[in-house]
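Participant: Per my numbering, the sequence shown runs over residues 423 to 895. From the three backbone atoms N, C-alpha and C, an ideal C-beta is built for every residue, glycine too. Just so it is clear, the structure is predicted and the values come from calculations on it, not from any experiment. One structure follows; several queries about it will come next.
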Amino acid sequence: MDSYYPSNREVESALIDLSWRAGDLRYKFKPAQLKMFNDIYESKNIKYVVKCARRLGKTYLLCCIAVMQCLNRNGAMVRFAAPTSKALKKFIIPIMNAITSDCPDDLKPQFKESQNVYQFYNGSEIHLAGVNNDNADSLRGTFADLFIIDEAGFVDNLKYLIDDVAFPQFLDPNGTVVKGRRLIISSSPAKTPAHEFTEIAQKAEAEGCYSHFDIYWGGYPKDTIEMYKQEVGGEDSTTWKREYLALDVVDENYALVPEWKDTFASEVVPDDRFQFYQKYVALDIGVRDLTCALFAYYDFSKACLFVMDEVVMNGPQMTTERLALAVKEKETSTFRHHKVHRRVSDVELLLLNDLRALHNLYFSPTDKGRLEEMINEVRIWVNAGRVIIDPKCEHLLGCMRYGVWNEARTEFDRSVKYGHFDGLAALMYLIRNIDTRTNPIPIGYGKTEADYFFTETEQNSNKQAIKKMLGIK
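This is the structure we're talking about:
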């Protein structure tokens, strides 16, 4: 009988079949993906955070991990969060199709499109959801063996998704964490460090449940990496730093005030002319977001705005009475009982009427232009060095450093820490209403008699000049 030697293709096919039946898809991993996988599963922490560059196959790895969980445990429940439903259709589902392309037919999961669920032969399931636009609760459930959050840096209300939706599913009825249940949070850096993902990643790093991967982990040739670098603007571009080095920087393509430098943050020490400077209070009123009031003066001689202090209140907790009291107290302590030249606010007429009628605080509704027009005016002032902000204004400084547009560039993005970047909105109203034409310093202020004294020589010279002008000999 002749010996039979299987072909390489047959051997490969048999090994792939064995891997699927063993629930082990590591044969699909590139070195960077294998390193991520090992880091995650060598950690004893229930939560693990991976911050990584683009083009490393992060989402592919996460999908493989989800499938492996379902293959290895009967009745496993995996919940997979992406920022949007569009992301599911564009990335997750095509990747799942690619992963299962060599799966044996009897193991291959069925996708129920109407439910966004992959169902496996052994009763395991992967539930997919786009969680932005208040859709996080669609991933609630009684339990989850594995909860994956992909592109966490672009998820709205990330902490809510983690604390209120994911973690309760890791607990048994007695409130004890079930051994083996796990949360994986992964993303490239958010477009602003003000996003919750930045803080979550920093905390995970301190706790030892964090990995960081830049583009150099991808095993690409040097010339390919150099091509990527040049495509996005070179070594110093924020896109290169954020997308390929996985560093926390503000994306310059979305930054509200890219001209801001921290050298513009300096302690404001009023000089002897402070009593004359025009003093302003600018208010941005937030119901869903934050309410922020800025206290500033304009130095006519320097053509510069000095922001001295701020009041920040949580929108839902803000009442007219609390706001009025805080503004009055801050005016007194900041302006030293000097008169406020003007108070301006966004157009919330009902609240402005209450402040006027009940608390004797007069705010003028600002003349609003287009949002981009108003922010450009701020950028011009900042670029010219005409805005100095005292370090006490922590909220405003955060807005200047980390404020970004939303994806459509139609409005400011949102941040849990900085709200709707409301301090920057207040600064827009402030700059829009500054009187830059009036010199408030009295004529002759600061001069002595010596400044007006003419010597005999100067007097004779002046007489000769006048005679010559009048034609007198």
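So, at 8 angstroms on beta carbons, what are the nonlocal neighbours of R778 in its own chain, with the 5 sequence-adjacent residues on each side left out?
Facilitator: Same-chain partners within the cutoff: Y784 and F785.
Participant: Rounded to the nearest angstrom, what separates D768 and L793 at their Cα positions?
Facilitator: Computed Cα separation, rounded: 12 angstroms.
Participant: By the 10 Å Cβ neighbour count, where 16 or more other Cβ atoms means buried, how is T713 classified, buried or exposed?
Facilitator: Answer is buried; the Cβ neighbour count reaches 16.
Participant: So D731 is in the beta strand (DSSP E); what residue range does that whole segment cover?
Facilitator: That run of the beta strand (DSSP E) goes C726 to N736.
Participant: Is it buried or exposed, R744, if we count other Cβ atoms within 10 angstroms and call 16 or more buried?
Facilitator: Exposed, because fewer than 16 other Cβ atoms sit within 10 Å of the Cβ of R744.
Participant: Determine which residues share a DSSP beta bridge with D706 and list them.
Facilitator: In the DSSP output, where bridge partners are listed per residue, D706 has C714.
Participant: Taking the runs of the alpha helix (DSSP H) that are 4 residues or longer, which of them lie wholly in the stretch 444-523?
Facilitator: You should have 453-464, 480-494 and 515-521.
Participant: What residue range does the beta strand (DSSP E) around A551 cover?
Facilitator: Run containing A551: E547 to G552, per the beta strand (DSSP E) assignment.
Participant: Among L846, R477 and F542, whose alpha-carbon lies nearest the alpha-carbon of D527?
Facilitator: Nearest C-alpha to D527: F542.
Participant: Let's see if you can read the secondary structure: which residues bound the beta strand (DSSP E) around F635?
Facilitator: Segment Y632 to F635, the beta strand (DSSP E) holding F635.
Participant: Just curious, the alpha helix (DSSP H) that F757 is in, first and last residue?
Facilitator: Segment T742 to F757, the alpha helix (DSSP H) holding F757.
Participant: Here's a check: name, in chain order, each residue in its chain whose Cβ is nearer than 8 angstroms to the Cβ of V973, leaving out the five neighbours to either side.
Facilitator: Residue 973 falls outside the range modelled here, since the chain spans only 423 to 895, and no answer is possible.
Participant: Taking its Cβ as the centre, do 16 or more other Cβ atoms sit within 10 Å of A436, making it buried, or is it exposed?
Facilitator: That one is exposed.
Participant: Rounded to whole angstroms, what is the Cα-Cα separation between A566 and V433?
Facilitator: Distance between the alpha carbons of A566 and V433: 37 angstroms.
Participant: Quick one: Cα of K480 to Cα of R562, how far?
Facilitator: In a straight line, the C-alpha of K480 is about 24 angstroms away from that of R562.
Participant: Taking the CB atoms as reference points, tell me whether L568 and R604 lie closer together than 7 angstroms.
Facilitator: Yes, these two residues count as a Cβ contact at 7 angstroms.
Participant: Going by alpha carbons, who is nearest to P795 out of I647, M649, Y851 and K466?
Facilitator: At residue 795 the sequence reads Glu, which differs from the Pro that was named. Per the Cα distances, Y851.
Participant: Determine the burial state of I865: buried for a count of at least 16 other Cβ atoms within 10 Å of its Cβ, exposed for fewer.
Facilitator: Exposed is the call here.
Participant: Look at the alpha carbon of L774 and the alpha carbon of F834, and state the distance between them as a whole number of angstroms.
Facilitator: Cα to Cα, L774 sits roughly 23 angstroms from F834.
Participant: Compare the beta carbon distance of S609 and A574 with 7 angstroms and say whether it is the shorter of the two.
Facilitator: The answer is yes: Cβ separation under 7 angstroms.
Participant: Rounded to the nearest angstrom, what separates F728 and D684 at their Cα positions?
Facilitator: If I take the Cα positions, the gap works out to 14 angstroms.
Participant: Please state whether DSSP places I928 in a helix, a strand or coil.
Facilitator: Beyond the ends of the chain as shown, which are 423 and 895, falls residue 928; an answer cannot be given.
Participant: Would you check if the distance between the CB atom of H549 and the CB atom of R501 is smaller than 7 angstroms?
Facilitator: Contact: yes.
Participant: Hey, which unbroken runs of the alpha helix (DSSP H) at 4 residues or more fall wholly within the stretch 757-786?
Facilitator: List check, alpha helix (DSSP H) in window: 771-781.
Participant: Could you check which residue in A475, A444, K790 and K534 has the C-alpha nearest to that of Q378?
Facilitator: No information on residue 378 is available, as it lies outside the stretch 423 to 895 that the chain covers here.
Participant: Would you mind reading off the limits of the beta strand (DSSP E) that contains V809?
Facilitator: Residues V809 to I811.
Participant: Roughly how many angstroms separate the alpha carbons of N861 and S688, rounded to a whole number?
Facilitator: About 24 angstroms.
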